[in-house]
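Our numbering applies: residue 11 is where the sequence shown begins, and numbers increase by one. See below for the structure under consideration.
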Amino acid sequence: AGPVTNVAIALGKLRMNFWRSLVIALATYPVLWLTISKGGLAGAAVGMALLALMRVVLNAFLIRHLLSEPLLGILANNWRAIIACGLMVLCVDALPGDVEPLTNVFESAALLAYKVAVGMAVYFASVFALWRLSGRPDGFERTLIQYSAHGKERAVVLAKNLRRPFATRRG
Numbered sequence: 011a012g013p014v015t016n017v018a019i020a021l022g023k024l025r026m027n028f029w030r031s032l033v034i035a036l037a038t039y040p041v042l043w044l045t046i047s048k049g050g051l052a053g054a055a056v057g058m059a060l061l062a063l064m065r066v067v068l069n070a071f072l073i074r075h076l077l078s079e080p081l082l083g084i085l086a087n088n089w090r091a092i093i094a095c096g097l098m099v100l101c102v103d104a105l106p107g108d109v110e111p112l113t114n115v116f117e118s119a120a121l122l123a124y125k126v127a128v129g130m131a132v133y134f135a136s137v138f139a140l141w142r143l144s145g146r147p148d149g150f151e152r153t154l155i156q157y158s159a160h161g162k163e164r165a166v167v168l169a170k171n172l173r174r175p176f177a178t179r180r181g
């Protein structure tokens, strides 16, 4: 959503951005109320997934309109994330345990947290594996690696400065 908002602002199309945000805001409460009342904690996860899917669709249509980019072009530009998302769903679905029948809230929360952690690991591992297999093109993955390398360099400088006596430290 961040890049979509920035593109809308840059092009002076704030009204479209407002309507997209309003639709999301108005849909959030009913979707979560319905899914939580029907499915409890698992329903909350389903509701959040439905809302995320709705945001993706709305963002795709907004980008299509703002940049005259065809929807198939948007999908083609995001193929690694789409495949990684599918792999994540398959892996999390294959995990043992079902959140719903558990009566203990703490057991349910722990199982949900475990499944979320596995899902995140599978998603990011898949995205980076697909990125490497596709020849490491420019994109989110390269940017993330560059920022993490920069952060590592700053941490090393900070650690070196902390070892020195206070009077000789650089700012």
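Think of the CB as a built atom: it goes at the ideal place given N, C-alpha and C, for glycine as much as any other residue.
- C-alpha of F28 to C-alpha of L68: approximately 12 Å in a straight line.
- Taking C-beta separations shorter than 6 Å and ignoring five residues to either side along the sequence, A37 has no partners in its chain.
- Assignment of beta strand (DSSP E) within the stretch 43-68, counting only whole runs of 3 or more residues, yields no such run.
- Under the three-state reduction of DSSP output, P147 falls in the coil class, being neither helix nor strand.
- Approximately 27 Å separates the beta-carbon atoms of L72 and A54; this is outside 8 Å, ruling out the contact.
- By the C-beta criterion, the stretch 100-107 is judged not to be in contact with the stretch 143-151, since fewer than 3 inter-stretch pairs fall below 8 Å.
- For S158 and L85, the gap between their C-alpha atoms comes out near 27 Å.
- For the pair T45 and L63, the CB atoms are not nearer than the 8 Å cut-off.
- For N87, the enclosing alpha helix (DSSP H) starts and ends at L81 to N87.
- N16 carries a helical assignment under DSSP once its states are collapsed to helix, strand and coil.
- Considering only A119, G57, A139 and N114, the residue with the shortest C-alpha distance to L97 is A139.
- Burial check for A123: the Cβ neighbour count within 10 Å stays below 16, so the residue is exposed.
- Of the residues L21, E151 and G49, the one whose Cα lies closest to the Cα of R90 is E151.
- With 16 or more neighbouring CB atoms inside 10 Å of its own CB, Y133 falls in the buried class.
- Under the 10 Å beta carbon count, R30 is surrounded by 16 or more other beta carbons and is classified as buried.
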